[in-house]
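Residue numbers (this note's numbering): 1 to 463.
Just so it is clear, CB atoms sit at the ideal spot from N, CA and C, and this is done for glycine as well.
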Amino acid sequence: MDKRSVLQARKAESVGQQVCLEGWVRTRRDSKGGFSFIELNDGSCLSNIQVVADNQLPNYESEIKHLTPGCSIRVVGEIKESQGKGQATEVQASEVFLYGTADAETYPLQKKRHTFEKLREWAHLRTRSNTFGSVFRVRNRVSFSIHQFFQERGFLYVNTPIITASDCEGAGEMFRVTTLDVDQPPKVNGKVDFSKDFFARPAFLTVSGQLEGEIFATSLGKVYTFGPTFRAENSNTSRHLAEFWMVEPEIAFADLEENMEVAEAFLKRIFTDVMNDCAEDMEFFNERIAPGILDTLQSIVDSEFLRCSYTDAIDILQKSGQAFEYPVTWGMDLQSEHERFLTEQHFKRPVILHDYPRTIKPFYMRCNDDGKTVRAMDVLVPQVGEIIGGSQREERLDVLESRMKEQGLNAEEYWWYLDLRRYGTVPHSGFGLGLERVLQFITGMGNIRDVIPFPRTPGWAEF
Ligand code: 4AD
Ligand code: MG
1 MDKRSVLQAR KAESVGQQVC LEGWVRTRRD SKGGFSFIEL NDGSCLSNIQ
51 VVADNQLPNY ESEIKHLTPG CSIRVVGEIK ESQGKGQATE VQASEVFLYG
101 TADAETYPLQ KKRHTFEKLR EWAHLRTRSN TFGSVFRVRN RVSFSIHQFF
151 QERGFLYVNT PIITASDCEG AGEMFRVTTL DVDQPPKVNG KVDFSKDFFA
201 RPAFLTVSGQ LEGEIFATSL GKVYTFGPTF RAENSNTSRH LAEFWMVEPE
251 IAFADLEENM EVAEAFLKRI FTDVMNDCAE DMEFFNERIA PGILDTLQSI
301 VDSEFLRCSY TDAIDILQKS GQAFEYPVTW GMDLQSEHER FLTEQHFKRP
351 VILHDYPRTI KPFYMRCNDD GKTVRAMDVL VPQVGEIIGG SQREERLDVL
401 ESRMKEQGLN AEEYWWYLDL RRYGTVPHSG FGLGLERVLQ FITGMGNIRD
451 VIPFPRTPGW AEF
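Okay, here's the thing in structure tokens:
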């Protein structure tokens, strides 16, 4: 018997086929006529398929009539045209095999709707709910799009280390990795003796694969990384995770202009793929979670991204007449309230801000001739704020060295990074897209903890 997914079985062309379906019961309803309707879901799509099981089946009284939400079953039967609303097909069961029961008293996912906070406590079961099924199908499609977009443009997928010594963003937000006994570390002259550590030196979880990505860009041309990154930022917000996934393209011989063009085409490709290939899930988000998101995504795909310099943005904010919590001055890091004003009230759509003050940006960004700004860019979107951060990189050895000095970095530790400028240096650019941030934007899920399977945040307690 051919195994089919619910997605396949729901298609009208499946009518007449004998199939085998496996999944979890969502509901069961008994009719007076001596049969039961079982709503079956297997995760292949948002919708369930209706299974009709009649009392001729040998286990009808003993098992089928006791099926409750969460039970796992196998159904063998024929796909029939359905008279029911909202479904082309249903299955007339010739066999219903019960794999596992789910105690109706204790199974958490009952018909009653739970809050997302509550569902977070059941990270092992929430994926069986409609919302989280949709979130993770969309997440899968976005990940696939990311690879498709870059592969089709000749970018090579490279893997950068998770354990590293360098703090790419220079923000001191790295998690330390150590085999030393943290209660009683070995010491010499009162200082921790890292020669006794596994790596014989301090090691950390990466905050970004960019610096190593530059090694590949300056040899293979166009590359991208896509993997987990870690930040010990103690910001307990709806947009920050301690472990998140980042996509980082790095492009040799590209300036900031080209970088922005790639970022724009990249986001448009992701939005288009999700609308085309996750239509049912996106309808769900459009109706239940983020009213109007489909129109928003389509209009973003159809129009050019706005570009605005940091300096102009400051001007707009200062003239806005808004009472911001953080007063706006040139040189400040924009806060979420400022970013939201720009995208939600002023421009009313995504915007790429560029040329930020050098004092608030990392050492590797290319300095502008004005001596005040660097070739940085951030892509900001309504509701979420920054989803992409990137820059043209400083390719001039002397300028880079003085920038590192300015920021108190030890040039010796970055000798390999400086070598890339010493030997055949080239202009190059890249950016990082936070996977969870773009998912928040697409799905409208308000909290970043609800677009990653196992959120890691300050005080995280569940598994
Ligand atoms: O702006 P960021 O810090 O840039 C970098 O790390 C660069 N090295 C990237 C590059 O040029 N290759 O981070 C990039 C993006 C942000 O725009 C945001 O979407 C996401 O990563 N991000 C986070 N997402 C979730 N939780 C956090 N704590 C995040 N920090 C950054
Ligand atoms: Mg940033």
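Does the distance from the C-beta atom of residue i to that of residue j stay below 8 Å?
{"i": "Arg139", "j": "Val379", "result": "no"}
{"i": "Gly70", "j": "Asn41", "result": "no"}
{"i": "Gly430", "j": "Gly213", "result": "yes"}
{"i": "Glu406", "j": "Leu418", "result": "no"}
{"i": "Pro350", "j": "Ile314", "result": "no"}
{"i": "Ala93", "j": "Ala53", "result": "yes"}
{"i": "Val142", "j": "Val438", "result": "yes"}
{"i": "Thr373", "j": "Tyr310", "result": "yes"}
{"i": "Arg26", "j": "Glu13", "result": "no"}
{"i": "Phe441", "j": "Gln383", "result": "yes"}
{"i": "Phe175", "j": "Leu205", "result": "yes"}
Drop a sphere of 10 angstroms on the beta-carbon of residue i, count the other beta-carbons inside from all chains shown, and report buried for 16 or more, exposed for fewer.
{"i": "Lys319", "result": "exposed"}
{"i": "Lys32", "result": "exposed"}
{"i": "Phe144", "result": "exposed"}
{"i": "Asn159", "result": "exposed"}
{"i": "Leu220", "result": "exposed"}
{"i": "Ser208", "result": "buried"}
{"i": "Arg288", "result": "exposed"}
{"i": "Arg137", "result": "buried"}
{"i": "Asn286", "result": "buried"}
{"i": "Gln148", "result": "exposed"}
{"i": "Pro202", "result": "exposed"}
{"i": "Phe341", "result": "buried"}
{"i": "Tyr414", "result": "buried"}
{"i": "Lys118", "result": "exposed"}
{"i": "Glu436", "result": "buried"}
{"i": "Lys3", "result": "exposed"}
{"i": "Phe284", "result": "buried"}
{"i": "Pro455", "result": "buried"}
So, for residue i: in the same chain, excluding its five sequence neighbours on each side, which residues have a beta-carbon less than 8 Å away from its beta-carbon?
{"i": "Glu325", "result": "Gln335, Glu337"}
{"i": "Arg10", "result": "Cys45, Ser47, Ile49, Gln87, Ala88, Thr89"}
{"i": "Gln83", "result": "none"}
{"i": "Met260", "result": "Phe305, Arg307, Ile352, His354, Met377"}
{"i": "Ser303", "result": "Arg349"}
Confirm the yes/no value for this check: CB of residue i, any heavy atom of the ligand MG, distance under 7 Å.
{"i": "Gly466", "result": "No statement about residue 466 is possible, as the shown extent of the chain runs from 1 to 463 and does not include it."}
{"i": "Asp333", "result": "no"}
{"i": "Glu386", "result": "yes"}
{"i": "Asp378", "result": "yes"}
I want to check one thing, is the minimum distance from the CB of residue i to the heavy atoms of the ligand 4AD below 7 Å?
{"i": "Ile448", "result": "yes"}
{"i": "Ser208", "result": "yes"}
{"i": "Glu258", "result": "no"}
{"i": "Gly434", "result": "yes"}
{"i": "Glu264", "result": "no"}
{"i": "Leu205", "result": "no"}
{"i": "Met246", "result": "yes"}
{"i": "His338", "result": "no"}
Who are the Cβ neighbours of residue i in its own chain at under 7 Å, not counting the five residues just before and after it?
{"i": "Asp30", "result": "Ser36, Lys65"}
{"i": "Gly133", "result": "Gly43, Leu46, Thr127"}
{"i": "Met282", "result": "Val274, Met275, Leu294"}
{"i": "Arg231", "result": "Glu173, Val207, Ala242"}
{"i": "Asn236", "result": "Thr457, Pro458"}
{"i": "Asn368", "result": "Asp355, Val374, Arg375"}
{"i": "Ala290", "result": "Thr443, Gly444"}
What distance in whole Å lies between the Cβ atoms of residue j and residue i, which are believed to be in contact at a cut-off of 8 Å?
{"i": "Glu258", "j": "Tyr224", "result": "About 15 Å; that fails the 8 Å criterion."}
{"i": "Arg449", "j": "Arg421", "result": "Contact flag wrong, Cβ pair sits at about 40 Å."}
{"i": "Glu339", "j": "Gly389", "result": "Contact doesn't hold; Cβ gap of about 12 Å is too wide."}
{"i": "Ile466", "j": "His428", "result": "Limits of the chain in this structure are 1 at one end and 463 at the other, which puts residue 466 out of reach."}
{"i": "Ile79", "j": "Val96", "result": "The pair is not a contact, with the Cβ atoms about 15 Å apart (cut-off 8 Å)."}
{"i": "Lys222", "j": "Leu156", "result": "7 Å"}
Output needed for residue i: all residues of its chain with C-beta closer than 6 Å, excluding positions within five of it in sequence on either side, in chain order.
{"i": "Ala376", "result": "Tyr356, Lys361, Met365, Ser391"}
{"i": "Gly186", "result": "Residue identity check: residue 186 is Pro in the sequence provided, not Gly. Taken in chain order, the residues that qualify are Asp193, Lys196."}
{"i": "Leu433", "result": "Val247, Ile388"}
For residue i, verify whether its CB is less than 7 Å away from any heavy atom of the ligand FMN.
{"i": "Gly34", "result": "Looking for the ligand FMN in the displayed structure turns up nothing; the ligands present are the ligand 4AD and the ligand MG."}
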